[in-house]
Amino acid sequence: MEGFPAVVRANRAFVEKDYSSAITFYTQALEDDEDNVSLLCNRSAAHYKLELYKTSLKDAEQAIAIDKNCTKAWYRKGLALHALGKKTRCICGMEIGAARRRRYRHLPRDYDLPRDEYPGRPRRPRRP
-19 MEGFPAVVRA NRAFVEKDYS SAITFYTQAL EDDEDNVSLL CNRSAAHYKL ELYKTSLKDA
41 EQAIAIDKNC TKAWYRKGLA LHALGKKTRC ICGMEIGAAR RRRYRHLPRD YDLPRDEYPG
101 RPRRPRRP
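Taking our numbering, the leading residue of the sequence shown gets -19, the next gets one more, and so forth.
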């Protein structure tokens, strides 16, 4: 595997559940192409698998800053926020991701918000 590009090695490490190596290889690949949204999302997933939720959130937000229509980045952000206990922000992130997925119907269905777990966004009280 030594002769393969960092992206290939990172993806292979992720599949083999060697998440720390995957993070290292994704970071190497990002040195060559720092605005690659897919690599940021994948590194976010690897951080999430290692329960490094703040770092996972940081990568997801960086990917969103580059491409606001990246459903995978919104999904990763929602997962990280959920793991950090920020449920209201998680719901908003997941809803934005789901709305973007509806615009792009070719994306997988598993990006939908789990409505049974979160029946709805809390409403603000009305002003008198």
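Note that CB positions come from ideal geometry on N, CA and C, so glycine has one too.
No experiment lies behind these values; they were computed from the predicted model shown.
Residues in its own chain within less than 6 Å of residue i by CB, not counting five upstream and five downstream?
i      : result
L(-13) : Reading off the sequence shown, one finds Val at residue -13, where the question assumed Leu. Once the five neighbours on either side are set aside, the close Cβ partners of V(-13) are A9.
R56    : C21, S24 and A40
L64    : Y33
Buried or exposed for residue i, going by 16 or more other Cβ atoms inside 10 Å?
i   : result
A43 : buried
K48 : exposed
K52 : buried
Given residue i, which residues of its chain have a CB within under 8 Å of its CB, disregarding the five upstream and five downstream residues?
i     : result
I46   : D15, V17 and L20
L30   : Y(-1), S0 and I3
Y28   : S36, R56, L59, A60 and A63
K(-3) : K29
D13   : L19
Taking the alpha-carbon positions, what's the residue i to residue j distance?
i    : j     : result
W111 : V(-5) : Only positions -19 to 108 of the chain appear in this structure, which leaves residue 111 out of reach.
Y6   : K38   : 15 Å
C50  : K66   : 21 Å
Relative to the C-alpha of residue i, which residue among the options is closest?
i    : options                    : result
L61  : Y6, T35, R(-11) and K(-3)  : T35
A112 : L59, C50, N49 and K48      : A question about residue 112 goes unanswered here, because the residues of the chain that appear run from -19 up to 108.
E11  : K(-3), Y33, P(-15) and L32 : P(-15)
Does any CB atom of chain B fall closer than 7 Å to the CB of residue i?
i   : result
N16 : You won't find chain B in this structure, because it holds only one protein chain.
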